[in-house]
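Counting in this note's numbering, the sequence shown runs without a single skipped number right up to 360 at its last residue. Contents: one structure, followed by commentary.
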Amino acid sequence: AAAICLGALLARRRFSNPIMVVTTADHIIEPVESFQKTVLSAAREAAKQNTLYTIGVIPTYPATAYGYLEIEGEPTIVDGLKHYRLLSFKEKPDLPTAESFLASGRYLWNSGMFVWKTETILEAFEKYLPKHIELLEEVVKKESLSPPNLHEAFVQLTPISIDYGVMEKVEGVRCVFAPFFWKDMGGWLSLADHLTRCEKENHIKGQVRLLESEGNIVFCQNSEDLVVLVGVSNLVVVRAGGKTLVAHKEKLEAVKKVAEDL
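Encoded structure:
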């Protein structure tokens with residue numbers, strides 16, 4: 099939330115009430131033209147209605163790694179796209195809950211992409227995360243985004259996502275349906291489809307040798323390194339930056355905890 103707040107403050111300082119689009123760096127979106135059309139449609143409606151917009155993706159399987167958006171009623175068709183009133187945000191569910199979401203037809207994946215006027219989102223920050231505004235405005239006034247200035251402000255702020263801190267509390271949030279292919283590449287399981295597929299459902303990148311191994315994801319970044327797997331199944335093996343990760347596919351969520359303990 100802090101980075102988004104800072105971005106909105108900077109945008110307001112440099113432009114006259116601009117539209118702000120929040121995207122992430124680890125998504126695959128195709129075709130780009132459909133994405134552009136969706137963002138422009140959301141931007142026009144966000145400006146017209148002074149509301150916050152998110153982009154929802156139709157779920158194709160009961161994913162437990164994504165948050166969900168609960169939509170309400172029938173869509174309004176704008177620019178040939180479906181615009182919904184958003185009823186609620188749902189956190190990453192367990193499998194039975196994800197299956198019920200999928201079966202209901204009333205839930206979309208939360209893409210984590212947002213569109214709004216800077217003034218609209220900053221008003222929401224003023225209401226729900228006022229300390230973010232207070233501290234980050236001081237940074238912007240200094241006209242120096244030096245690491246020390248940013249660090250001084252950020253360490254005083256409670257780490258919280260934009261979903262938790264703002265979006266879940268605001269009334270009248272709207273959602274535009276994404277008519278394009280979308281995939282969050284934030285996890286190794288998602289990346290597998292974009293690696294070289296070998297026999298026995300192994301997916302690899304780099305110098306990798308496999309013997310009697312099945313269903314593994316192996317990523318070897320350095321061309322001088324070699325990863326060899328013998329007689330193992332359903333592992334994620336990553337060799338990058340001089341470090342090695344070995345985890346079972348079903349235990350990947352625990353990697354975050356290990357990283358925190360290092």
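Even glycine gets a Cβ: it sits at the ideal position worked out from N, Cα and C.
Legend entry - CA-to-CA distance, N115 to E217, given in whole angstroms: Their Cα atoms are separated by approximately 6 Å.
Legend entry - Complete runs of the alpha helix (DSSP H) confined to the region 160-220 [at least 4 residues]: Counting only runs of 4 or more, we get 193-202.
Inset, instruction - Would you mind sorting S311 into buried or exposed? The rule is 16 or more other CB atoms within 10 Å of its CB. - result: S311 is buried by the Cβ-count criterion.
Legend entry - Range covered by the alpha helix (DSSP H) that runs through T149: T149 -> no alpha helix (DSSP H), and no H or E assigned at all.
Inset, instruction - Please state whether DSSP places C103 in a helix, a strand or coil. - result: Note: C103 maps to helix in three-state DSSP.
Legend entry - Stretch pair the region 311-328 + the region 281-301: three plus CB contacts closer than 8 Å: Contact between the region 311-328 and the region 281-301 is present, with at least three C-beta pairs closer than 8 Å.
Inset, instruction - Label P228 either buried or exposed according to how many other C-beta atoms from any shown protein chain fall within 10 Å of its C-beta, with 16 as the threshold for buried. - result: Exposed, since its Cβ has fewer than 16 Cβ neighbours within 10 Å.
Inset, instruction - Find out if the Cβ-Cβ distance for the pair P160, E189 is shorter than 8 Å. - result: Taking 8 Å as the Cβ cut-off, P160 and E189 do not qualify as a contacting pair.
Inset, instruction - Run the CB neighbour count on G154, radius 10 Å, all protein chains shown included, and call it buried at 16 or more, exposed below. - result: Residue burial is scored here from C-beta neighbours: G154 has at least 16 other C-beta atoms within 10 angstroms and is therefore classed as buried.
Legend entry - Every unbroken beta strand (DSSP E) inside the region 300-330 [3 residues or more]: Runs of the beta strand (DSSP E) lying entirely within the region 300-330, each at least 3 residues long, are 301-303, 306-309, 315-318, 325-328 in chain order.
Inset, instruction - State buried or exposed for T401, treating a residue as buried only when at least 16 other CB atoms are found within 10 Å of its CB. - result: One cannot answer for residue 401 here, as it falls past the ends of the chain, which runs 99 to 360.
Inset, instruction - Determine which residues share a DSSP beta bridge with D282 and list them. - result: In the DSSP output, where bridge partners are listed per residue, D282 has H125.
Legend entry - Through-space distance from K298 to V330, alpha-carbon basis: Cα-Cα distance, rounded: 12 Å.
Legend entry - Check whether T162 and L193 have beta carbons under 8 Å apart: For T162 and L193, yes; Cβs fall inside 8 Å.
Legend entry - Beta-carbon proximity check, N208 vs Y164, cutoff 8 Å: Closer than 8 Å, so yes.
Inset, instruction - Kindly identify the DSSP beta-bridge partner or partners of K341. - result: K341 pairs with A338.
Inset, instruction - Drop a sphere of 10 angstroms on the beta-carbon of F199, count the other beta-carbons inside from all chains shown, and report buried for 16 or more, exposed for fewer. - result: Burial call: buried.
Inset, instruction - Mind the definition here: the region 102-119 touches the region 273-280 only if three or more C-beta pairs lie below 8 Å; say whether that holds. - result: The region 102-119 vs the region 273-280: no contact.
Legend entry - DSSP state of T294 mapped onto helix, strand, coil: Correct three-state label for T294: strand.
Legend entry - Whole-angstrom distance between L309 and E269, CA atom to CA atom: Taking the straight line from one Cα to the other gives about 56 Å.
Legend entry - Run of the alpha helix (DSSP H) containing I231, from where it starts to where it stops: 228-239 is the span of the alpha helix (DSSP H), which, as asked, contains I231.
Inset, instruction - With hydrogens ignored, establish whether the beta-carbon of L104 is closer than 7 Å to any heavy atom of the ligand GTP. - result: With respect to the ligand GTP, the structure offers nothing, as it holds no ligand at all.
Legend entry - Contacts around N332, its chain only, beta-carbon distance under 8 Å, and the 5 residues preceding and following it disregarded: The beta carbon of N332 sits closer than 8 Å to the beta carbons of E312, G313, N314, H346, K347, E348 from its chain, once the five residues preceding and following it are set aside; these are given in chain order.
Legend entry - Contacting residues, own chain, Cβ-Cβ under 7 Å from H249 (five flanking each side not counted): Nothing meets the Cβ criterion.
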